[in-house]
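Enquirer: A single structure is presented below for examination.
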Amino acid sequence: MRYARGILYVIYFLMYLPVVILGVMILSVSLLWRAFHDGQDDRLFRNEYQEFLQSIEGKSLFCYNNNTRSQLFIETIVLPALSPEVSIIFLNGRIPESGFSRRFISHMLYDINDRTGFPYLLKVVNGEILDQSVNNGLFNTFNQNKAPDQLLQKINAFYLCPEHQAISS
557 MRYARGILYV
567 IYFLMYLPVV
577 ILGVMILSVS
587 LLWRAFHDGQ
597 DDRLFRNEYQ
607 EFLQSIEGKS
617 LFCYNNNTRS
627 QLFIETIVLP
637 ALSPEVSIIF
647 LNGRIPESGF
657 SRRFISHMLY
667 DINDRTGFPY
677 LLKVVNGEIL
687 DQSVNNGLFN
697 TFNQNKAPDQ
707 LLQKINAFYL
717 CPEHQAISS
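Written out as structure tokens, the structure reads:
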């Protein structure tokens, strides 16, 4: 009886072995295909993103979000004082609203180095994004009822800086 049961197990094993091998092969091929396909998509996106950066070379951008405490201050005091050459990006929740491609702006914001908080000053120089947060200066001005002149000077200095480097906070 034990011998027959052992043979039965071997027969079951041999019956299902090709199914398991076929499943592993299909899984392996699909994983390799996906890795190859994702790599191509990523490379294509990086090329498109670099073309986008080249198309907006030298462009200055001001990015702020819908923080209820600062949005009104930014829209009434800061935005009117900005140069007309500065493009505005409004981050409505997680959705960037501007005249640029959402996909590229989202990637640009994801790659910000100075993650102190919104608003961000951005400038495209030599195919790279220079960024600086003015969150601290904005909230110091806002919370302490200071005149916005110093904040506006700092913002304009970033955009006008001939060395194209962020002004230290």
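Per the working numbering, the sequence shown starts with residue 557, numbered consecutively.
Here a beta-carbon is modelled for each residue, glycine too, at the ideal position from N, C-alpha and C.
Source: prediction; values computed, not measured.
What are the boundary residues of the beta strand (DSSP E) that I711 is part of?
Expert: Where I711 is concerned, there is no enclosing beta strand (DSSP E), although the alpha helix (DSSP H) it sits in stretches over D705 to L716.
Enquirer: So, using beta-carbon positions, are D670 and S657 closer together than 7 Å?
Expert: Going by C-beta atoms, D670 is not nearer than 7 Å to S657.
Enquirer: When you compare the CB positions of L609 and V680, do they come within less than 7 Å of one another, or not?
Expert: It is a contact, given that the beta carbons lie within the stated cut-off.
Enquirer: State the DSSP-derived secondary structure class of L638, mapped to helix, strand or coil.
Expert: Reduced to three states, the DSSP call for L638 is coil.
Enquirer: Quick one: grab the DSSP three-state call for P574.
Expert: If DSSP states are grouped into helix, strand and coil, P574 belongs with the helices.
Enquirer: Please name the residue, chosen from L686, L694, L707 and F695, that lies closest to E613 on a Cα-to-Cα basis.
Expert: The residue with the shortest Cα to Cα distance from E613 is L686.
Enquirer: When you compare the CB positions of Y620 and I633, do they come within less than 7 Å of one another, or not?
Expert: Going by C-beta atoms, Y620 is not nearer than 7 Å to I633.
Enquirer: Does the Cβ-Cβ distance between N691 and T672 come in under 7 Å?
Expert: Yes.
Enquirer: How big is the Cα-Cα spacing for Y568 and I577?
Expert: Cα-Cα distance, rounded: 14 Å.
Enquirer: Under the three-state reduction of DSSP, which class applies to Q721: helix, strand or coil?
Expert: Any reading at Q721 needs caution, since the residue's pLDDT is 49, under 50, leaving its predicted position unreliable; the model's value is listed next. Q721: coil per DSSP, three-state reduction.
Enquirer: Does the beta-carbon distance from S662 to P675 come in below 7 Å?
Expert: Cβ atoms of S662 and P675: not closer than 7 Å.
Enquirer: Using only CA atoms, which one of Q627, P640 and A637 lies nearest to G649?
Expert: Out of Q627, P640 and A637, Q627 has the C-alpha closest to the C-alpha of G649.
Enquirer: From Y565 to V575, what does the alpha carbon distance come to, in whole angstroms?
Expert: Near 16 Å, if we compare the C-alpha coordinates of V575 and Y565.
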